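A.B. asks:
Numbering (mature numbering (1 follows the signal peptide of the UniProt record, and there is no 0)), first residue to last: -23 to -1, 1 to 551.
1. Could you check which residue in 172, 441, 218, 429 has the C-alpha nearest to that of residue 462?
2. Pairing CB atoms from the segment 464 to 476 with CB atoms from the segment 501 to 514, are three or more of them under 8 Å?
3. Give the straight-line distance between the Cα atoms of residue 311 and residue 364, rounded to the nearest whole angstrom.
4. List the residues that DSSP assigns as beta-bridge partners of residue 43.
5. CB residue 258 to CB residue 217, shorter than 8 Å?
6. Whole-angstrom Cβ separation of residue 83 and residue 39, contact assumed at under 8 Å?
7. So residue 235 and residue 226 are in contact, right, with Cβ under 8 Å, and what is the actual spacing, rounded?
8. Since I believe residue 23 is in contact with residue 43 (beta carbons under 8 Å), could you give me their beta-carbon distance rounded to a whole number of angstroms?
9. Say whether the segment 264 to 280 touches the segment 295 to 306, bearing in mind that this needs 3 or more beta-carbon pairs closer than 8 Å, one atom from each stretch.
10. Over the uninterrupted beta strand (DSSP E) stretch that includes residue 431, give me the two end residues.
11. Please report how far the alpha carbon of residue 17 lies from the alpha carbon of residue 69, in whole angstroms.
12. Pick out whichever of 107, 261, 213, 232 has its Cα sitting closest to the Cα of residue 251.
13. Residue 219 to residue 115, Cα distance in whole Å?
14. Please state if the CB of residue 148 and the CB of residue 169 are separated by a distance shorter than 8 Å.
15. With three or more beta-carbon pairs closer than 8 Å as the criterion, would you say the segment 89 to 104 touches the segment 119 to 138?
16. Looking at the C-beta of residue 462, does it have a partner C-beta in chain D at a distance below 8 Å?
17. Determine, using beta-carbon pairs with one atom in the segment 401 to 414 and one in the segment 366 to 376, whether at least three such pairs fall under 8 Å.
18. With distances taken between CB atoms, is the gap from residue 121 to residue 289 smaller than 8 Å?
19. Using only the alpha-carbon positions, how far apart do residue 89 and residue 266 sit?
20. Near residue 213, what residues of its chain come up, given a Cβ to Cβ distance below 6 Å and the 5 sequence neighbours on each side ignored?
21. Taking its Cβ as the centre, do 16 or more other Cβ atoms sit within 10 Å of residue 256, making it buried, or is it exposed?
22. Would residue 37 and residue 86 be called neighbours here (beta carbons separated by less than 8 Å)?
23. Could you tell me which residues DSSP pairs with residue 8 in its beta bridges?
24. Taking 8 Å as the threshold (C-beta atoms), are residue 438 and residue 424 in contact?
25. Where do the N-terminal and C-terminal ends of the beta strand (DSSP E) with residue 96 fall, by residue?
26. Report the residue ranges of all beta strand (DSSP E) runs contained in full by the segment 139 to 163; include only those spanning at least 3 residues, in chain order.
27. Kindly indicate which three-state DSSP category residue 278 falls into: helix, strand or coil?
28. Can residue 139 be considered in contact with the ligand FAD, in the sense that its beta carbon sits closer than 7 Å to one or more heavy atoms?
29. Taking only three categories from DSSP, how would you classify residue 27?
30. When DSSP labels each residue in this structure, what does residue 504 get in the three-state scheme?
31. Going straight from the alpha carbon of residue 95 to that of residue 35, what length do you get?
32. Quick one: what does DSSP say residue 189 is sitting in, helix, strand or coil?
33. Run through DSSP, which three-state label would residue 108 get?
34. Check whether the Cβ atoms of residue 333 and residue 345 lie closer than 8 Å to each other.
35. In the structure shown, what three-state DSSP assignment does residue 376 receive?
Written out as structure tokens, the structure reads:
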């Protein structure tokens, strides 16, 4: 659509219904974007025309945008997520890009030069960054921070500003890599709710919800000025924006949007009233996101394998940029290449619209770079082939992508391997020895198998099934286990070709949703233990188990359990 045509109204006819869609932003007039809890709206400056941009939200708090890409981002603290949408999206189709390990993301900011997304989290007490699609997520600051809220970025200078309204309220600045932190405002501040940079005058403005004021300073926190301090107009200010000679802010108490002169606070004017619950506000204009010095990381990402950030102007490091790694990765000696941490055991979790993994040693988590998930239920993987498989009961299919860092995974690309004649694939399991994939279908009441690419599909079981759900494999023994939670709930066992079915559990069972086969490292001889053989992490014992003696016994050097004498028992009691 050409710029000159973007004001035109478009009529789409669906039978007797007409859908009128208006392209709101043509670049000729600046707009104020603001989060109004249940939706994101815009107000065209000068005409004051109000338009709905993103309707149907739950509790939108913070927002930002990428002007040249035409993307808008927002946080939802009720659904605990970050989402995005193209601003010209007439059907209002949005995508969740961050859904895992996120508590209350009160602040969000877009780096329009290096194409990164930053956000604060008041629950996890940290500031994180990712690519614009939510991939390569990294925790930048998680120490010396209590209740982080607002964010403002200056990518041209490589600076991030953030506010903290914890026990020591303040505003800090640091590099876009989270390093070289400096406290720049710590006096006459209580609830610094909103931050904005005035690029024209090179000043930082902020709202204070407890002190009923708006203040500004230079970008190093000097020359602090009180723009306006008035409980009448600022009983609880939150978001803030600057345009020309005006500063704009949202007001929780009066549910309104106001503005005043940004230099002296003269002539307060109500721009919009009777709003639902106005939160963050941003000026949507090309001048807000200038590109003055170019990208110091260059076209090749500075040679960094993952993340590249410019260093702060006051950094003592000689380099103009630094390479960083997503959480769960380590930087190698070349200071450019990231590798996955260790070979620790991991949990892979399906969370409806995302798939994440948790390192069981470090407890670090990250989301896999796959998009377009609607209702993921079952997930499994093939470690040797670096593949992850999942079922989606809304899309009615089985999909595959790379498990760790492949090119297609980095682009969020997935492949459907089963998309026809499938209804409710609640359960799935990968045979990593013979390279097959098995799945249950509660809608069609059968269990099927195929090659990993979906070829040579075969129905193994389609009789005496009510609602098959979970499935687990033991390839070395040629056995398959599956659950059925129909009228007669049960767990069955059969060979992996579907023959020799045998019901093994029917009592004290109702909804057998999950099933897993544990590996017995102790073996048939109880690991050589005389009493108890118990599993332990391999970093504690390379064998993966430990021999333990029962109470009233102790273990000698030969792993034998010897009954304690009465004197030892008395000593234990003491």
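For each residue, glycine too, the CB sits at the ideal point set by N, CA and C.
Small disclaimer: the values here were computed from a predicted structure and weren't measured.
C.D. replies: Answer, in terms of the structure:
1. 441
2. no
3. 28 Å
4. 48
5. yes
6. 6 Å
7. 6 Å
8. With a Cβ gap of about 24 Å, residue 43 and residue 23 do not count as contacting.
9. yes
10. Here residue 431 belongs to no beta strand (DSSP E), and DSSP marks it neither H nor E.
11. 11 Å
12. 232
13. 30 Å
14. yes
15. yes
16. Absent from the structure: chain D. Only one protein chain is present.
17. yes
18. no
19. 7 Å
20. 186, 229, 230
21. buried
22. no
23. 21, 261
24. yes
25. 93 to 98
26. 147 to 152, 159 to 162
27. helix
28. As presented, the structure is devoid of all ligands, the ligand FAD included, so that no description of it is given.
29. strand
30. helix
31. 21 Å
32. coil
33. strand
34. yes
35. strand
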